[in-house]
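In our numbering, each residue carries its 1-based index in the sequence shown increased by 192. A virtual CB, placed ideally from N, CA and C, is assigned to each residue, including glycine. Bear in mind that the values here come from a model prediction, so they are computed numbers and not experimental data. These notes are about the structure you will find just below.
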Amino acid sequence: MSIESVVSAKIQRISLLLYEEIKFLTDVEDEVNNLSTELKVMQSYIRDAKARQESFDHGDRVKVREIIKIAYDAKDVIESFILNRMYSSMRKESHLKKYFCFCCSLVHIHHIGKEVVTIEKRIQVTTSMFERYGVRKLNLPDNPIGTSSTSMIFHPRAYPHSDIDEHVVGLHKHIEKHG
Numbered sequence: 193m194s195i196e197s198v199v200s201a202k203i204q205r206i207s208l209l210l211y212e213e214i215k216f217l218t219d220v221e222d223e224v225n226n227l228s229t230e231l232k233v234m235q236s237y238i239r240d241a242k243a244r245q246e247s248f249d250h251g252d253r254v255k256v257r258e259i260i261k262i263a264y265d266a267k268d269v270i271e272s273f274i275l276n277r278m279y280s281s282m283r284k285e286s287h288l289k290k291y292f293c294f295c296c297s298l299v300h301i302h303h304i305g306k307e308v309v310t311i312e313k314r315i316q317v318t319t320s321m322f323e324r325y326g327v328r329k330l331n332l333p334d335n336p337i338g339t340s341s342t343s344m345i346f347h348p349r350a351y352p353h354s355d356i357d358e359h360v361v362g363l364h365k366h367i368e369k370h371g
């Protein structure tokens, strides 16, 4: 085999991989939007389940806990994507720094895309596992009544960065400018 044919084959392979990566990166925003819709459905399900938790068996509690874990992870990924977009739109830098930040942004978007794929797979695996082991669908009312303050299912998630506004370094001038 000649060197030209080997180089040509490698270039074709690299071109294919580059095309697949570009396609993946351009689909990330749509995937994040789909995940956002899925998150809204999960949050609605969790609210309805919270109203009926007194009648749950152990399988129901496990199911709701798993949905809550997935919902938290989905929310984190969506927020990371939004923050990346906000930061990208606020930057005013030199051409070289813009190029470097653009490359870093692509890496971040790729990472977010992989996390979205992972969460979608977790949703599929969790759903099929519940079906496989016969964890029943929760019969939730349209208008839930009452909630219990003593819950084994629902624990508020603590965010160490909940007071982030006080500790963000370097964004105050951008907030004042755009706010």
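Where does D249 sit, in a helix, a strand or coil, going by DSSP?
-> Here residue 249 is taken as the residue at index 57 of the sequence shown, counted from 1. Looking at D249 - three-state DSSP - the assignment turns out to be coil, as it is neither helix nor strand.
For F346, the three-state DSSP class (helix, strand or coil) = Numbered from its first residue, the sequence shown carries residue 346 at position 154. Any answer about F346 is weak, because its pLDDT of 43 lies below 50 and its placement is not dependable; what the coordinates show is given next. Of the three classes helix, strand and coil, the one that applies to F346 here is coil, per DSSP.
Alpha carbon to alpha carbon, what distance is there between S207 and V198?
-> Here the question's residue 198 lines up with position 6 in the sequence shown. Here the question's residue 207 lines up with position 15 in the sequence shown. Each residue's Cα considered, the two are about 14 Å apart.
Go ahead and label V269 buried or exposed: buried means 16 or more other beta carbons lie within 10 angstroms of its beta carbon, across all protein chains shown.
-> One-based indexing of the sequence shown puts residue 269 at position 77. Result: buried.
Just the C-alpha distance for S236 and F294, rounded to the nearest angstrom, thanks.
-> Reading the sequence shown from its first residue, position 44 is the one you call residue 236. Reading the sequence shown from its first residue, position 102 is the one you call residue 294. Going from the Cα of S236 to the Cα of F294 covers about 36 Å.
Please say whether I304 and A266 have beta carbons closer to each other than 7 Å?
-> If you number the sequence shown from 1, residue 266 lands on position 74. If you number the sequence shown from 1, residue 304 lands on position 112. No; because the gap between Cβ atoms is not below 7 Å, this pair is not in contact.
Using the C-alpha atoms, what's the distance from R244 back to E307?
-> The residue given as residue 307 occupies position 115 in the sequence shown. The residue given as residue 244 occupies position 52 in the sequence shown. Taking the straight line from one Cα to the other gives about 31 Å.
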